[in-house]
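Everything below concerns the one structure shown next.
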Amino acid sequence: MTRAPDTDAGLYRAVRLIRRFEERAVELVRSGDVVGGIHPYTGQEAIAAGVCAALREDDVITSTHRGHGHVLAKGADPGRVLAELAGRATGLNRGRGGSMHAADFGLGILGANAIVGANGAITAGAAWAARQEGGDRVAVSFFGDGAVNQGVLLEAFNLAALWRLPVLFVCENNGYATTLTVADGVAGTITGRGAAFGMPSVTVDGMDPRAVLGAAREAVDRARAGDGPSLVECVTYRFDAHHTWEHKARPRYRTEEEVRSGRERDPVVIQGARLADPERELVDAEVEAALADAVAFALGSPHPDPVGALDFLYATGMRARPGGGG
Amino acid sequence: MPWLSYQKALNRALGDELARDPAVFVLGEDVRVAVSTVTAGLFKRFGPDRVLDTPLSEQAFTGFATGAALSGRRPVIEFQIPALLYLAFEQIVNQAHKFSLMTGGQARVPVTYLVPGSGSKTGWAGQHSDHPYALFAHAGVKTVVPATPEDAYGLLTTAIRDDDPVVVFAPAAALTARVDVDFARLGPVPLGVGRVHREGGDVTVVAVGHLVHDALAVAEELAGDVSVEVFDPRTAYPFDWDGLAASVAKTGRLVVVDDSNRMCGLAAEVVATAAERFDLLAPPVRVTRPDGAVVPFAPALDRAVQPDRAQLAAAVLKALKH
Ligand SMILES: Cc1ncc(C[n+]2csc(CCOP(=O)(O)OP(=O)(O)O)c2C)c(N)n1
Chain A
178 MTRAPDTDAG
188 LYRAVRLIRR
198 FEERAVELVR
208 SGDVVGGIHP
218 YTGQEAIAAG
228 VCAALREDDV
238 ITSTHRGHGH
248 VLAKGADPGR
258 VLAELAGRAT
268 GLNRGRGGSM
278 HAADFGLGIL
288 GANAIVGANG
298 AITAGAAWAA
308 RQEGGDRVAV
318 SFFGDGAVNQ
328 GVLLEAFNLA
338 ALWRLPVLFV
348 CENNGYATTL
358 TVADGVAGTI
368 TGRGAAFGMP
378 SVTVDGMDPR
388 AVLGAAREAV
398 DRARAGDGPS
408 LVECVTYRFD
418 AHHTWEHKAR
428 PRYRTEEEVR
438 SGRERDPVVI
448 QGARLADPER
458 ELVDAEVEAA
468 LADAVAFALG
478 SPHPDPVGAL
488 DFLYATGMRA
498 RPGGGG
Chain B
314 MPWLSYQKAL
324 NRALGDELAR
334 DPAVFVLGED
344 VRVAVSTVTA
354 GLFKRFGPDR
364 VLDTPLSEQA
374 FTGFATGAAL
384 SGRRPVIEFQ
394 IPALLYLAFE
404 QIVNQAHKFS
414 LMTGGQARVP
424 VTYLVPGSGS
434 KTGWAGQHSD
444 HPYALFAHAG
454 VKTVVPATPE
464 DAYGLLTTAI
474 RDDDPVVVFA
484 PAAALTARVD
494 VDFARLGPVP
504 LGVGRVHREG
514 GDVTVVAVGH
524 LVHDALAVAE
534 ELAGDVSVEV
544 FDPRTAYPFD
554 WDGLAASVAK
564 TGRLVVVDDS
574 NRMCGLAAEV
584 VATAAERFDL
594 LAPPVRVTRP
604 DGAVVPFAPA
614 LDRAVQPDRA
624 QLAAAVLKAL
634 KH
């Protein structure tokens with residue numbers, strides 16, 4: 178797949194692909210082919226699709242524990258992402274990263290990150306380095322509403338704003354940090370935190386790919402022009418569990434009714450309605466075929482050789498001493 | 314020949330690497346006016362794009378360095394005090410160090426973390442006297458503790474050129490060391506290659522950083538009775554096990570002096586490996602800070618938790634009794 182194009186059809190293909198990828202990935206968690214579970218992105222697809230459609234291939238992104246959508250929207254091959262989830266040697270990270278660390282440096286994907294908020298500072302550094310190189314590349318940091326309480330992210334806001342770095346901070350406000358509601362976790366407002374550092378900060382409908390694209394494009398243009406970082410808060414809803422362990426543990430923190438009404442604003446439906454039926458059906462069929470290939474590729478791929486478990490630990494190839502006796 | 318101080322050696326290595334490679338840049342608190350003196354003159358010479366004064370944001374600028382490194386730069390962060398490494402531990406151990414493996418070899422993170430003034434600085438008390446190099450060695454982050462000005466120059470140079478994250482601890486008590494050197498002979502020193510500072514036949518003393526100078530003083534003091542070999546691995550990780558094996562093969566006895574805490578410290582690892590691998594004529598002895606020490610303020614108390622020369626001399630004699 179190439180990066181999500183910024184047409185209606187392109188946005189639809191992206192949200193549809195991510196949706197179906199996540200649904201297939203959940204099935205593979207259930208069947209035991211994906212161990213460790215995943216953090217499903219269903220419901221939030223409009224954000225990855227809209228933001229990445231505003232980017233060029235040479236722009237960079239960093240992502241989160243809930244990162245499949247970002248990675249796919251930036252153009253990663255679904256087969257290799259799925260192979261990574263399944264811990265195969267052909268995965269994006271050769272089976273060393275798994276769901277929460279998917280990276281594809283060739284596509285400017287500097288890695289999903291499992292420490293909430295940590296990627297914000299990394300993004301600032303990547304943006305600075307891009308500017309030093311000349312050109313007008315930008316860097317995007319995706320994070321959740323839970324991350325806005327991490328000190329390091331606020332420190333990164335300061336650096337980015339102070340040094341007018343070409344960064345787009347994208348907050349995916351899905352209302353929950355695991356089970357904690359925004360109301361119980363965030364004092365003030367999320368955009369207020371961006372505004373406090375002098376960053377243009379807006380809230381958009383995170384269920385509508387077009388709305389996200391519009392806001393992202395404005396912020397990306399500003400960053401490219403040298404006018405510094407922006408914060409875009411995308412209000413969204415996570416349709417599925419925080420993590421697939423919930424499918425078994427079933428912690429109760431939101432009502433059936435809330436979930437049902439949250440699902441009513443479905444980005445796949447919203448964007449799908451913008452295409453004529455035949456065009457949409459064509460995309461659907463193409464996505465299904467691509468995913469069937471991806472699953473076949475992932476599950477048909479070899480497992481990595483345990484002898485090389487610590488390969489790549491050091492970029493210089495230094496080998497660690499073995500721990501087993503003798 | 315000109316004198317070179319340890320601090321000036323670090324400064325010179327930074328200047329030489331900034332001049333040699335445009336990807337290198339220095340960042341940290343007050344590096345522009347060079348409060349620690351290690352970055353003296355660099356801002357004037359290389360300008361604001363190569364020498365960045367940062368806000369007091371250790372977590373952000375350490376993560377920032379990772380992002381810049383992922384994008385082709387070679388950042389050198391100066392930390393004003395060693396305790397700041399605890400704030401940035403997440404960014405170093407959990408991010409920078411893990412990137413290469415987790416991405417299946419796609420990423421390299423050539424960041425150097427320079428910590429001038431590590432360890433006890435009498436009167437600086439609990440939060441300014443830590444020497445946490447063992448923590449980084451334990452985590453597998455390349456960890457360097459130079460003892461002499463020429464090693465400080467050579468190891469910092471290598472750290473900057475290395476494609477992995479490297480922490481360089483410059484112990485406070487070594488910063489004042491000065492040697493008479495021919496500047497033309499300064500050059501990179503490889504990581505993981507130890508140095509025998511003094512040859513001896515009876516016992517091997519392992520020390521890094523300023524403790525090398527203590528070990529040399531003790532060796533001199535005991536010279537009439539005992540022939541002490543002083544082995545400096547120079548890098549706590551990777552550690553020069555082969556170099557140490559060669560030394561112990563000659564002496565058959567081992568003493569380690571280490572000013573990290575005893576529990577899971579560098580000395581613990583050296584002694585354990587020696588027990589597994591070496592033919593020792595006597596049980597190995599270690600002199601360290603106490604378990605979990607927090608350095609107390611009063612000078613006599615601070616000294617009381619540091620390994621000292623008398624303890625080291627006693628340890629050497631103990632190893633010889635067998
Ligand atoms: C610094 C940190 N604290 C806690 C966790 C455990 N954790 C993983 S995801 C998560 C919730 C994150 O919420 P949010 O940032 O809103 O993102 P969302 O899961 O809603 O996408 C928590 C607490 C973590 N990974 N990192």
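Which chain is which? The protein sequence lines are A and B, in order.
Under the numbering used here, the residue at position 225 of the first sequence is numbered 402, and the numbers go up by one with no gaps.
Under the numbering used here, the residue at position 145 of the second sequence is numbered 458, and the numbers go up by one with no gaps.
Glycine is no exception: its CB is placed at the ideal position from the N, C-alpha and C atoms.
In this text the structure is predicted, and so the values were computed from the model without any measurement.
Starting from residue i and walking both ways along the beta strand (DSSP E), at which residues does that stretch end?
| i | result |
| --- | --- |
| residue 455 of chain B | 455–457 |
| residue 608 of chain B | Run containing residue 608 of chain B: none; DSSP gives neither H nor E here. |
| residue 235 of chain A | Element bounds for residue 235 of chain A: n/a, residue is neither H nor E. |
| residue 574 of chain B | 567–574 |
| residue 316 of chain B | 316–318 |
| residue 461 of chain A | Where residue 461 of chain A is concerned, there is no enclosing beta strand (DSSP E), although the alpha helix (DSSP H) it sits in stretches over 454–476. |
| residue 492 of chain B | 491–493 |
| residue 598 of chain B | 598–602 |
If you follow the alpha helix (DSSP H) that residue i is part of, which residue opens it and which one closes it?
| i | result |
| --- | --- |
| residue 321 of chain A | Element bounds for residue 321 of chain A: not the alpha helix (DSSP H) but the beta strand (DSSP E), 316–321. |
| residue 215 of chain A | Where residue 215 of chain A is concerned, there is no enclosing alpha helix (DSSP H), given that its DSSP letter is neither H nor E. |
| residue 383 of chain B | 371–383 |
| residue 190 of chain A | 185–207 |
| residue 248 of chain A | 245–250 |
| residue 560 of chain B | 554–564 |
| residue 228 of chain A | 222–230 |
| residue 464 of chain B | 462–474 |
| residue 371 of chain A | 367–372 |
| residue 440 of chain A | 433–440 |
Measuring alpha carbon to alpha carbon, tell me which residue in the options is nearest residue i.
| i | options | result |
| --- | --- | --- |
| residue 516 of chain A | A:195, A:394, A:182 | Given a span of 178 to 503 for chain A in the structure shown, any question on residue 516 of chain A remains unanswerable. |
| residue 399 of chain B | B:409, B:443, B:592 | B:443 |
| residue 526 of chain B | B:392, B:342, B:571 | B:571 |
| residue 466 of chain B | B:604, B:607, B:616, B:329 | B:329 |
| residue 224 of chain A | A:374, A:350, A:306 | A:350 |
| residue 240 of chain A | A:220, A:286, A:200 | A:286 |
| residue 451 of chain A | A:319, A:370, A:427, A:387 | A:387 |
| residue 423 of chain A | A:207, A:198, A:266, A:201 | A:207 |
| residue 363 of chain B | B:335, B:383, B:375 | B:335 |
| residue 519 of chain B | B:531, B:557, B:500 | B:557 |
| residue 361 of chain B | B:373, B:345, B:379, B:523 | B:345 |
For residue i, which residues does DSSP report across the bridge?
| i | result |
| --- | --- |
| residue 341 of chain B | B:366, B:391 |
| residue 350 of chain A | A:412 |
| residue 484 of chain B | B:431 |
| residue 287 of chain A | DSSP lists no partner for residue 287 of chain A. |
| residue 584 of chain B | For residue 584 of chain B, which the question treats as bridged, DSSP gives no partner whatsoever. |
| residue 544 of chain B | B:509, B:519 |
| residue 387 of chain A | Paired residue(s): none; residue 387 of chain A is not in a bridge. |
| residue 407 of chain A | A:345 |
| residue 357 of chain A | A:354 |
| residue 382 of chain A | A:412 |
Who are the Cβ neighbours of residue i in its own chain at under 6 Å, not counting the five residues just before and after it?
| i | result |
| --- | --- |
| residue 482 of chain B | 428, 431, 446, 458 |
| residue 595 of chain B | 566, 632, 635 |
| residue 495 of chain B | 314 |
| residue 190 of chain A | 460 |
| residue 347 of chain B | 353 |
| residue 391 of chain A | none |
Excluding the 5 residues flanking residue i on each side, which residues of the same chain have their C-beta closer than 7 Å to its C-beta?
| i | result |
| --- | --- |
| residue 628 of chain B | 568, 598, 600 |
| residue 472 of chain B | 425, 457, 479, 481 |
| residue 487 of chain A | 497 |
| residue 354 of chain A | 321, 322, 323, 362 |
| residue 476 of chain B | 421, 423 |
| residue 179 of chain A | For residue 179 of chain A, the pLDDT reaches just 48, beneath the cut-off of 50, and the residue's location in the model is therefore unreliable, leaving the point undetermined. |
| residue 506 of chain A | With chain A covering 178 to 503 only, the question about residue 506 of chain A has no answer from this structure. |
| residue 513 of chain B | 532, 540, 541, 542, 564 |
Using C-beta distances below 8 Å, list every residue in its chain close to residue i, excluding the 5 sequence neighbours before and after it, in chain order.
| i | result |
| --- | --- |
| residue 350 of chain B | 320, 324 |
| residue 493 of chain A | none |
Exercise. Specify whether the stretch 324–336 of chain A and the stretch 271–290 of chain A touch according to this definition: at least 3 beta carbon pairs, one from each stretch, less than 8 Å apart.
Key: Judged by Cβ distances under 8 Å, the stretch 324–336 of chain A makes no contact with the stretch 271–290 of chain A, as fewer than three pairs qualify.
Exercise. Decide yes or no for the touch test of the stretch 431–445 of chain B against the stretch 295–308 of chain A: beta carbon pairs closer than 8 Å, at least 3 of them.
Key: No contact exists between the stretch 431–445 of chain B and the stretch 295–308 of chain A.
Exercise. Flag this pair as touching only if the stretch 474–494 of chain B and the stretch 573–582 of chain B have three or more C-beta atom pairs under 8 Å; answer yes or no.
Key: These segments do not touch.
Quiz item: Would you call the stretch 352–372 of chain A and the stretch 391–398 of chain A in contact, with 3 or more CB pairs under 8 Å?
Solution: Short answer: they don't touch.
Practice problem: Could you say if the stretch 306–321 of chain A and the stretch 340–356 of chain A meet the contact criterion of at least three C-beta pairs nearer than 8 Å? | Solution: Touching, yes, given that three or more Cβ pairs across the two stretches are closer than 8 Å.
Quiz item: Should the stretch 475–494 of chain A be called in touch with the stretch 264–272 of chain A, which here means at least 3 C-beta pairs below 8 Å?
Solution: Touching, yes.
Practice problem: May I ask you to verify whether the stretch 331–344 of chain B touches the stretch 375–394 of chain B, counting CB pairs closer than 8 Å and requiring at least 3? | Solution: Yes, they touch.
Exercise. Would you be able to state if there are at least three C-beta pairs under 8 Å between the stretch 232–251 of chain A and the stretch 464–475 of chain A?
Key: Look at the beta carbons and you see the stretch 464–475 of chain A not touching the stretch 232–251 of chain A: under three pairs across the two are nearer than 8 Å.
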